[in-house]
Amino acid sequence: MIGGLFIYNHKGEVLISRVYRDDIGRNAVDAFRVNVIHARQQVRSPVTNIARTSFFHIKRSNIWLAAVTKQNVNAAMVFEFLYKMCDVMTAYFGKISEENIKNNFVLIYELLDEILDFGYPQNSETGALKTFITQQGIKGQPQTKEEQSQITSQVTGQIGWRREGIKYRRNELFLDVLESVNLLMSPQGQVLSAHVSGRVVMKSYLSGMPECKFGMNDKIVIDKQGKGGTTDDPGKSGKQSIAIDDCTFHQCVRLSKFDSERSISFIPPDGEYELMRYRTTKDIILPFRVIPLVREVGRTKLEVKVVIKSNFKPSLLAQKIEVRIPTPLNTSGVQVICMKGKAKYKASENAIVWKIKRMAGMKESQISAEIELLPTNDKKKWARPPISMNFEVPFAPSGLKVRYLKVFESKLNYSDHDVIKWVRYIGRSGIYETRC
Amino acid sequence: MPAVSKGDGMRGLAVFISDIRNCKSKEAEIKRINKELANIRSKFKGDKALDGYSKKKYVCKLLFIFLLGHDIDFGHMEAVNLLSSNKYTEKQIGYLFISVLVNSNSELIRLINNAIKNDLSSRNPTFMCLALHCIANVGSREMAEAFAGEIPRILVAGDTMDSVKQSAALCLLRLYKTSPDLVLMGEWTSRVVHLLNDQHMGVVTAAISLITCLSQKNPDEFKTCVSLAVSRLSRIVSSASTDLQDYTYYFVPAPWLSCKLLRLLQCYPPPEDGAVKGRLVECLETILNKAQEPPKSKKVQHSNAKNAILFEAISLIIHYDSEPNLLVRACNQLGQFLQHRETNLRYLALESMCTLASSEFSHEAVKTHIETVINALKTERDVSVRQRAADLLYAMCDRSNAKQIVAEMLSYLETADYSIREEMVLKVAILAEKYAVDYSWYVDTILNLIRIAGDYVSEEVWYRVIQIVINRDDVQGYAAKTVFEALQAPACHENMVKVGGYILGEFGNLIAGDPRSSPLVQFNLLHSKFHLCSVPTRALLLSAYIKFINLFPETKSTIQEVLRSDSQIRNSDVELQQRAVEYLKLSSIASTDVLATVLEEMPPFPERESSILAKLKKKKGPGAVSVNELEEGKREGGELNGGGERGGDSSAIASTPSPSADLLGLRAGPPVTAAAPSAGSLLVDVFSEAGRSGALRFVCKNNGVLFENQLLQIGIKSEYRQNLGRMYLFYGNKTSVQFVTFTTTVTCPGELQSHILHIHTWNSLEPLIEGGAQVQQVINIECLTDFSDAPLLNIKFRYGGALQNLTLKLPVTINKFFQPTEMASHDFFQRWKQLSLPQQEAQKIFKANHAMDTEVLKAKLLGLGMALLENVDPNPENFVCAGVIQTKAQQVGSLLRLEPNAQAQMYRLTVRSSKDTVSKRLCELLAEQF
């Protein structure tokens, strides 16, 4: 159980300090500052044990969030809570920054009182919280007794994430498939490791208490249907299905149904939420291929040539492409020539950064650079860190397709056809590296 | 130093530093640094040569980045270039960079050394100083190799500026500390001593640091400095505060110099020349007089400077330990400080008094302050001061005030800091035992000790009480009564139960007459504690119960009932179960007579059963102690503790008791044969462990434990090749308290010193050994010609304020330099016959000290270092060996023949060698080994 929760700025000053249990003293605040924030060596482990007290921390831009406990807690639970806490704060006041935290400290304490009780995590659903913790505070409309009791019954009821009596003139539904693709490739083009982690994020503006059903090209479902002979085009669907390694769902999804039938059905919360999270490792479409060529000319010169090839339908356009070519630590000068986009040597990051705004599929582009080196005293060889890349493509690299999203509302008179649905695929780079 | 002109400030550097300071996060800082590094790299790479100013600026930036904790791997060349600049600031930055960031790049070192050489030979004093500072700051072996010869020349040259001389002296000191072997003594040494007469006080101050360090290693070469130092000191001390102008610090003339002079004098014995000595005594008296004068300033610096000199003077007085008048005056002065309101002063006063107490002249004077010290122990707020007070009380204790001091320490123990309790308990136990005149007082004290600080009382302490009670008839009844009363407390410490169980079991009958302590009451009292105790205590109590059955037959049924209960007879602990079963059977089967015999009162413990003896027995098995070794052990013991036993009240003793060896008797039941009990004195066994010299044990082996007592363990590891040997000594601190001022010296007594054995020690030890730590010392030995005596190792250190002094024989014997020689039978006898002159042979017939085991004998002979020749002697029982002793001067061939006679348990040992002294010595050494 979490004994206390502290928020620090980058200097290690305490912005928020909330202690839930007596075994955590005020000195724990200082212990974390001294041993982690101001540590001589950068602390890379997210869990630090200081004097029999465990500190779990995450960092959001310059802000440190640390949960403290003296007990043997489930570390995954604590981190899940910390991330959730960040989500809640973001939903309330936007970006987590020192300024915002200072401006909203009353709200944060109020939230902390609500989502943690004696160190046990409570309801942290933003939608539900927003019904009774409002930013207006006392300025806002005082709630009537009826409303208050309604909130109580809703929050403690079976469907805590959606209140009754929601009405929209236009029933709309937005569905985003957001994926990040991670890759490590050898200089010869061999894939050393690759995986995609994806999220299905929904924004729903639906009236009443609708029952939704979500379908995608999950291999298990497709295969089952193929065996039953119900699909129209068994050959094609079998090819396009994807194998999901593991997935997690929003609490609104009926897990029992997923376990038995592998169908995803749920009553959606109102507004924006993350329906599911998944990970795949097989048959990933790699949007870009990086071909490096590094040649050392003597002790004081290095020639680098990098070719990138886009590997998707020519009709699609990739955006925000950035290739980062590391340079040796004793670089004294760089000359770059590139066919497309802009390239620049950034001394502060020890890298050549090459940016291309847009690039269509099945194209190729190239950069060449001459790096001058300063002879140094130590004989250490340059470690040659990998070339990394950033991009954004309008499809899902895992191959995931949304097959359907059905909405049923029996009480109100609108049907599946009346709902306006929007689907969007965005594939981004995670850690996308090629060794050189 | 030339002033830095305003226009010389480096703007770029200032901007860079302020950028770094303004960085919000570590990442931003790293980015800024990377950018700057790239900029500097491109500047250094650039084709056009940089001017001195920008070079200086960039080198400065690199230095700053390095000091921020980032690695710098370029720029060394540019820094070296700066060294050859003619501008002071550029040169200074160059040297700064080199001192901070030097690495052992061979080609750069050459360039640096060249630049330094140039500066040293320039006539410009500032450049010379910069170069000297750089050498001292780097202080590496390479630097020492390059410049150790040059610097003494600069130091003693007549035309060197004063400031350069100062730097040179300190630089040389630094080089000497890093690599003493490279700084060779020469004719400059005598001239360095004369720097003490220099006009310039700065030079004198610098030179004296150097001389103090040098004279610690080579006292003889610098002997002349004593008279010079004394005259210098007297000039300073007698000068008015205004005479020395720049060197007067808050009205005190040259305080640092005075302290250093006094410290230098502490390296030497009192001067023999009467005039010098008179002058010195006069100085010391003046210093003591000045302490009495009213302060000239209220500033704390004034009194600090004055007291620093005073304390240094007092340590010198203590060091000399020969001027009763001065010692007493010092003591009185310290007595005044004991009540000073400065805590630091009180601490220092207590510490110095501790050493004063060990001097026979001032012991009485120290004792007059007992009330103040006791008060300090009670009221001081700082634990370290209280600790010193406790040390001092311990040091000043003697027969006259023991009762008072022990009582005070006991009462303090109740509130004492946990960190010093264990030490306090030991001190109380030692004092109580050492100065006890009346046994009931001793018993009371120790029982009180157990009651107050039971957790900190070690086994040995309560063992001793029991030994003493058992040995003294007159105290037994009193002890039984006291423990009975003590046990009546609702909660008492387990150690108390142990003592109680043992004593009541033995002497419960002495108090059984009183109805309040009738047998059954006694038993019930003991048994009420039974369930709260650990297994060993329970076992002891069971034994006490069976003794009760013998003492008081009326308790038999009750006790049998207890023994028969399941919790005893089926106890899960084997020891308890066995005792219960056996005692139960014993009590029911045996007749009263048998019982009375079996459970008779314990016989008295052997008094003055020396732990040396016990240790020997433990090592070699019973009944094998030769009289020789015993005497040797005693002699050594006496020598070691000579200082302590002489006055009887001196406190320079080991502060930990070591009765453990005596307890062998307690554990093993029947006491071993012992010397006649000396009725008068208590068993003072404090010194006992203080060591039998291990020299004899090491004749046939090279590694082992040379010495061990409660405080210190000295291990030894040695290796020999031809006429050279190397010995590793390991000093292990067995306590949890650190040893301070730990020094060791190796001396070669008599003629050993001059030409026989050449000993060179290196790896000078740190003066501190932390608790539980071990330090190592290496000794190189060269055998010049044959020898018979062994070098002595003297060890001095302070433990808890008390000075410990040990002298041990190093196990270096002539046989260590043996080179085995293999030869056939006829060769052997041919040589045997060649060595037929009567003085070449040494023969000894002696009784066997150990069992005559062939394998053991073989192993011993092999350990001797000679070659053991098989199938040479016609009699297979006999052993013959051959070897050559390698000395620098000559080689001495030796042959040995050992004829054991199993029936008579005798040996005949014959040694023949080409030199008569060798034969004799070998024969002596070996005769004690078999």
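Protein chains in written order, with our numbering: chain A, 1 to 436; chain B, 1001 to 1930.
Heads up, the beta-carbon is just placed ideally off N, CA and C, and yes, glycines get one too.
Remember, predicted model here, so these are calculated numbers, not experimental data.
Asked, Found
"What residue range is occupied by the uninterrupted beta strand (DSSP E) comprising S365 of chain A?", "E364 to L373"
"Can the beta-carbon of R1726 of chain B be found less than 9 Å from the beta-carbon of I1795 of chain B?", "no"
"Name the residues in the segment 350–362 of chain A whose C-beta lies less than 9 Å from a C-beta of chain B; which are they?", "N350"
"Is L82 of chain A near the ligand SAH, going by C-beta to nearest heavy atom under 8 Å?", "Within the structure as shown, the ligand SAH is missing, as the structure has no ligands at all."
"Roughly how many whole angstroms lie between the Cα atoms of G1052 of chain B and H1319 of chain B?", "56 Å"
"Measure the C-alpha to C-alpha separation of L1431 of chain B and V1385 of chain B and round it to an integer number of angstroms.", "21 Å"
"Using only alpha-carbon positions, find the residue among A:L5, A:F214 and A:R254 that is nearest to F81 of chain A.", "A:L5"
"Leaving out the 5 sequence neighbours to the left and right, which residues in its chain are closer than 6 Å to K1547 of chain B when beta-carbon positions are compared?", "G1505 and L1599"
"Which of the three DSSP states is assigned to I63 of chain A in this structure?", "strand"
"Can you grab the Cα-Cα spacing for the pair V1183 of chain B / S61 of chain A, in whole Å?", "58 Å"
"Based on the DSSP output, what are the partners of S180 of chain A in its beta bridges?", "A:S197 and A:R428"
"Unbroken alpha helix (DSSP H) runs of length 4 or more, entirely within the segment 1234–1293 of chain B: which are they?", "1255–1265 and 1274–1292"
"At 7 Å on the CB atoms, spell out the chain A contacts of R1041 of chain B, in chain order.", "N330, T331, S332 and L374"
"Along chain B, which residues have their Cβ under 9 Å away from the Cβ of N390 of chain A?", "What N390 of chain A touches in chain B: nothing, since even the nearest Cβ is about 18 Å away."
"Candidates A:N350, A:E274, A:T69 and A:Y414: which alpha carbon is nearest D87 of chain A's?", "A:E274"
"With 9 Å as the threshold, decide whether the Cβ of A347 of chain A is near any Cβ in chain B.", "yes"
"Tell me whether the segment 238–249 of chain A and the segment 100–109 of chain A touch, counting them as touching only if at least three CB pairs, one residue from each stretch, are closer than 8 Å.", "no"
"Of all the options B:I1072, B:L1063, B:N1197 and B:M1128, which has the alpha carbon lying nearest to the alpha carbon of Y1088 of chain B?", "B:M1128"
"Look at the alpha carbon of R1721 of chain B and the alpha carbon of L1864 of chain B, and state the distance between them as a whole number of angstroms.", "14 Å"
"Would you check if the distance between the CB atom of T1537 of chain B and the CB atom of K1498 of chain B is smaller than 9 Å?", "yes"
"Could you tell me whether the Cβ of Q42 of chain A comes closer than 9 Å to any Cβ of chain B?", "yes"
"Shorter than 9 Å from the beta carbon of S1190 of chain B to some beta carbon of chain A?", "no"
"What number of angstroms, rounded off, separates the C-alpha of N298 of chain A from the C-alpha of G1732 of chain B?", "In the sequence as presented, Asn is not what sits at residue 298 of chain A; that position holds Gly. Approximately 56 Å, taken between the alpha carbons."
"If you reduce the DSSP assignment to three classes, tell me which class L116 of chain A lands in.", "strand"
"Taking just the CA atoms, how far does H1527 of chain B sit from F1484 of chain B?", "13 Å"
"List the DSSP bridge partners of Q42 of chain A.", "In DSSP, Q42 of chain A forms no bridge with anything."
"For G189 of chain A, which option in A:I308, A:P375 and A:A351 has the closest C-alpha, if you only look at C-alpha atoms?", "A:I308"
"Could you give the first and the last residue of the continuous alpha helix (DSSP H) run that contains D1473 of chain B?", "D1473 to L1487"
"Mind checking F1828 of chain B: buried by the 16 CB within 10 Å criterion, or exposed?", "buried"
"R1263 of chain B CB to nearest chain A CB: under 9 Å?", "no"
"Nearest CA to the CA of Q225 of chain A: which residue from A:S204, A:E433, A:S263 and A:R33?", "A:S263"
"Nearest to K95 of chain A by CA position, among A:V73, A:K59 and A:T281, is which residue?", "A:K59"
"So M1409 of chain B is in the alpha helix (DSSP H); what residue range does that whole segment cover?", "A1402 to L1413"
"If you measure from the beta carbon of S1913 of chain B to each beta carbon in chain A, is any gap under 9 Å?", "no"
"Which chain B residues sit within Cβ distance under 7 Å of H10 of chain A?", "K1024 and S1025"
"Using the Cβ count rule (16 or more neighbours within 10 Å means buried), how would you classify L1132 of chain B?", "buried"
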